[in-house]
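S.K.: For the sequence shown, position 177 matches number 177 in UniProt numbering, and the numbering has no gaps at all.
Glycine included, each C-beta is placed from N, C-alpha and C at the ideal position.
Quick caveat: nothing in here was measured; it's all calculated off a predicted structure.
Following this message is one structure expressed as structure tokens.
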Amino acid sequence: MHLHDWQAHLVGQLTALDNTDEARGITVYRNARWAVLRNALVGAYPVCRALVGEDCFDALVRDTLLAQPSRSPNLHHYGDALPAVIARSPLAGSVPYLADVATLEWHVHWAHYAPDAAPDMPDVEALGRLLALPPTQIRAGLAAGARLVRSPWPVVSIWRAHQPDAAVSLGSIALTGAPEAAVVTVQAQRVAVLDVDAATAAFLAACAATDSLEAAVTRTLADLPAFDLSASLATLYRAGLLTLRAQSPALARDPS
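Now the structure itself:
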């Protein structure tokens, strides 16, 4: 029997209706596996589930299982495909902010298993040497473990409206003309969702897409001519979200 014939036979055995003990056992296993992975997605995406309802969320779970087989024994690692599944579904038209809410939820979920984000900055003297380098020789970006979320929709407000300590109701959120951005990080062993302004978010996205501080600033200024680099760097540094480093570590070393 050739490999493709064996594969087809196996698939047929797994999917065919049968009343044998083996078939019933496979059905029990399949249902148990679905329930376990569904519970993993329910835990990672409670806001999405609340927004679309139980039946719709279960349909998304089934589509996610088809798109992303579970390959890790750690269920906390499963489910990052859901935002893309939503983006390909009819919900992308009827609930256009849902995929971005899912992206935010996944980063929040993942942050529970990430290290604290600490300022990855040199001491004052080393920082002076670093900032004296040409901008082409400096890279800037988010601290380790931090993730940026940008959306044309108020996804941060939507997410916060579903938290136990919510200070805003879902019904009070204007859905149009209200883009939002945030950085998800871990500080003092707590997950934090920190608002960032549009210019800072654009700069961080540019840092991730380019290979130098100069290129990131140039890209940001092309879209936002009033961008204030000093203000954004100071904001990110005070929040413990900034990484600055030389393209070559030797460039920032003490020459003595």
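#1: Assuming alanine 181 contacts arginine 160 under a Cβ cut-off of 8 Å, what Cβ separation, rounded to an integer in Å, is found between them?
#2: Alpha carbon to alpha carbon, what distance is there between alanine 205 and serine 232?
#3: In whole angstroms, give me the CA-to-CA distance for serine 248 and histidine 112.
#4: Quick check on DSSP: helix, strand or coil for leucine 10?
#5: Could you name the residues of the same chain whose beta carbon sits closer than 7 Å to that of arginine 238, not counting the 5 residues immediately before and after it, in chain order?
#6: Buried or exposed: which applies to leucine 241, given that a residue is buried once 16 or more other Cβ atoms fall within 10 Å of its Cβ?
#7: Using 8 Å as the limit for Cβ to Cβ distance, is leucine 236 near chain D?
#8: Can you have a look at arginine 49 and say buried or exposed, based on whether 16 or more other CB atoms are within 10 angstroms of its CB?
#9: In angstroms with no decimal places, state the Cα-to-Cα distance between aspartate 80 and threonine 243.
#10: Can you tell me whether serine 157 is buried or exposed, with buried defined as 16 or more other CB within 10 angstroms of its CB?
#11: Where does aspartate 223 land, buried or exposed, given buried means 16+ other C-beta within 10 angstroms?
#12: In chain order, what residues of the same chain lie with their CB nearer than 7 Å to the CB of leucine 10, ignoring the 5 residues before and after it?
#13: Hey, how far is the Cα of alanine 234 from the Cα of arginine 62?
#14: Between the C-alpha atoms of threonine 176 and alanine 144, what's the straight-line distance to the nearest angstrom?
#15: To the nearest angstrom, how far is it from the Cα of valine 183 to the Cα of serine 230?
#16: Mind checking which residues open and close the alpha helix (DSSP H) that includes isoleucine 86?
#17: DSSP three-state call for arginine 190: helix, strand or coil?
#18: What does the Cβ neighbour count give for glycine 141, buried or exposed, with the cut at 16 atoms within 10 Å?
#19: Output needed for alanine 84: all residues of its chain with C-beta closer than 6 Å, excluding positions within five of it in sequence on either side, in chain order.
#20: According to DSSP, is leucine 91 helix, strand or coil?
#21: Quick check: the region 100-112 against the region 41-48, are at least 3 beta-carbon pairs closer than 8 Å?
#22: Nearest to cysteine 207 by CA position, among Ala199, Ala226, Ala216 and Thr200, is which residue?
#23: What's the gap between the Cα of arginine 33 and the Cα of glutamine 68?
#24: If we require 3 or more residues per run, which beta strand (DSSP E) segments fall completely within the region 190-256?
#25: Hey, how far is the Cα of alanine 126 from the Cα of tyrosine 78?
M.R.: Quick look at the numbers:
#1: That belief does not hold up - the Cβ atoms of alanine 181 and arginine 160 are roughly 14 Å apart, past 8 Å.
#2: 13 Å
#3: 32 Å
#4: Note that leucine 10 has pLDDT 49, beneath the 50 cutoff, so the model's placement of it is unreliable and no number is given.
#5: none
#6: buried
#7: Note that chain D does not occur in the displayed structure, where there is just one protein chain.
#8: buried
#9: 25 Å
#10: buried
#11: exposed
#12: Because leucine 10 carries a pLDDT of 49, less than 50, the predicted location of this residue cannot be relied on, and the following value inherits that uncertainty. Nothing listed; no residue qualifies.
#13: 45 Å
#14: 33 Å
#15: 19 Å
#16: 82-88
#17: strand
#18: buried
#19: none
#20: helix
#21: yes
#22: Ala216
#23: 13 Å
#24: 190-195 and 242-246
#25: 41 Å
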